[in-house]
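Read through the structure below, which is laid out as structure tokens, and then see the notes.
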Amino acid sequence: MLLRGLLASLLPLLLITPSLPAPLDHPEPQKNDVPSSPPESPDTGLYYHRYLQEVIQVLETDGHFREKLQAANAEDIKSGKLSRELDFVSHHIRTKLDELKRQEVSRLRMLLKAKMDAAQEPEVQVDHLSLLKQFEHLDPQNQHTFEARDLELLIQTATRDLAQYDAAHHEEFKRYEMLKEHERRRYLDSLGEEQRLAEEKRLEEQKKRHRQHPRLNVPGSQAQLKEVWEETDGLDPTEFNPKTFFRLHDTNSDGVLDEQELEALFTKELEKVYDPKNEDDDMREMEEERLRMREHVMKTVDTNQDRLVTLEEFLLATQRKEFEEAALKGWEAVLHMEKRKQQPSPDPPAPGPDGQLLFQPHAETGAQAEPAVEKEGPPQVPNSPVPDSPQK
């Protein structure tokens, strides 16, 4: 596939839209079908998406660059070492890249002009070179030729921006949930007492129906993968083979499971809870759940954190004891534990004037709190505070 071979260890998100499920069914083409052109990659949401895609398409056509990429590791790509190979690509490739950069600079200038025209008088002179510096995906000092520095900046900027996608998605979902709750309360407040009670009862029954679903398997666990093996792939569960499973679901045969291919594996689990035809089920909640499932698998399987799962990583994960033991917990329990780990730990007690630890009495409620009953035995000394773990 287009970008899989080029930036396999750096920019897999360019080929996926994490919020959209990928179907597992791939109908066989008819013999008389005319071969169609490769589908365009889903929009990443980056404001320089088209420029990034076109640069990658052009670079993929150069045999030398493609060969160097296959031998490079993720660090070579991220550090800019691979960018220096741009000096050895063919002349016509460089010419195409130069033209793409000039088109991108021209596009950015038009955007800046439109923005400035809307904010001030048209007669005011604008320093476009200074304004172009706010765009980090290209070198504004050289606006006519595509150099190694441009490729380095493009890779670094896209890597950073795409890595922030999941966090932005979670924040957007939180805002959506808050807005939905606000609308629900405002609607209930607009009703009369009798109507409000009836509506609250209906909503509570709706939530209860939604919670009544089969137990969800932990994503990436043996139970979850075997269920896909049996119900989706139509194979004998007693003959489950991780290597065969991997190759079956590496749908583009590039030797890795990208995030889109992983998310397709969770469709069967999500169907236990969410039905698009059921008004009780919120499809945005389903996609948030799909994202959490994918993050969980990536965190436990993707050992080098390149957002791709190789066959070696996959087989290693299936050999861990957690692969089988996860079935005993269930997804809701695992998700609950992960949420608790993310909660900030309480602040340690403040030291006294001489550095000694002070007891922190519980907050009193009411006018007068009941005195604590002392128990016999040695006094309880608070545990020493443990420093927070460093952020990864």
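First residue of the sequence shown: 7, per my numbering; consecutive thereafter.
From the three backbone atoms N, C-alpha and C, an ideal C-beta is built for every residue, glycine too.
Taking residue 294 as the centre and dropping the five residues before and after it, the same chain places the C-beta of 179 closer than 7 angstroms to its C-beta, in chain order. Short of 7 angstroms from the beta carbon of residue 232, and not among the five residues preceding or following it, lie these beta carbons of its own chain, in chain order: 243, 246. The straight-line gap separating the alpha-carbon atoms of residue 171 and residue 147 is approximately 29 angstroms. Annotated three-state conformation of residue 306 is helix, per DSSP.
Taking a contact as a CB-CB distance under 8 angstroms, the pair residue 105 and residue 144 does not count as one, their CB atoms being some 14 angstroms apart.
Taking the C-beta atoms as reference points, residue 317 is found nearer than 9 angstroms to residue 262. Inter-residue distance for residue 239 and residue 73 is about 35 angstroms (C-alpha atoms, whole angstroms). The beta strand (DSSP E) runs lying completely inside the segment 262-338 and spanning 3 residues or more number zero. Cβ contact annotation for residue 71 (same chain, cutoff 7 angstroms, sequence separation greater than five): 65, 91, 95, in chain order.
Going by DSSP, residue 173 is part of the alpha helix (DSSP H) stretching over 171-195. It is roughly 50 angstroms from the alpha-carbon of residue 158 to the alpha-carbon of residue 191. For residue 77, the enclosing alpha helix (DSSP H) begins and ends at 69-77. Around the beta carbon of residue 199, fewer than 16 other beta carbons lie within 10 angstroms, which makes this residue exposed.
Within 10 angstroms of the beta-carbon of residue 196 lie fewer than 16 other beta-carbons, which makes it exposed. Apart from sequence neighbours up to five positions away, the residues of its chain that approach residue 142 with a beta-carbon distance below 6 angstroms are 163, ordered along the chain. Rounded to the nearest whole angstrom, the C-alpha separation of residue 186 and residue 281 is 19 angstroms. Here the C-alpha atom of residue 256 lies approximately 7 angstroms from the C-alpha atom of residue 267. In this structure, 311 is the residue among 338, 347, 311 with its C-alpha nearest to the C-alpha of residue 165. Annotation for residue 57: the continuous alpha helix (DSSP H) segment containing it runs 55-66. For residue 252, the enclosing alpha helix (DSSP H) covers residues 248-255. The criterion of a C-beta distance shorter than 9 angstroms is not satisfied by residue 234 and residue 332. Scanning 259, 287, 300 for the CA closest to the CA of residue 271 turns up 300. Burial state of residue 345 is exposed, judged by a 10 Å Cβ sphere holding fewer than 16 other Cβ atoms. Between residue 298 and residue 264, the C-beta spacing is not below 9 angstroms. DSSP, reduced to helix, strand and coil, places residue 85 within a helical segment of the structure shown. Around the Cβ of residue 323, a 10 Å sphere holds 16 or more other Cβ atoms; the residue is buried. In the DSSP annotation of this structure, the continuous segment of the alpha helix (DSSP H) that includes residue 209 starts and ends at 199-217. Note on residue 304: 16 or more other CB atoms within 10 angstroms of its CB, so buried under the neighbour-count rule. About 7 angstroms separates the CB atoms of residue 61 and residue 103; that is less than 8 angstroms, so the two are in contact. With respect to the 9 angstroms criterion, residue 216 and residue 286 are classified as neighbours on the basis of their beta carbons. Counting along the chain, residue 231 sits inside the alpha helix (DSSP H) bounded by residues 228-233. Our two residues, residue 236 and residue 116, have alpha carbons roughly 55 angstroms apart in a direct line.
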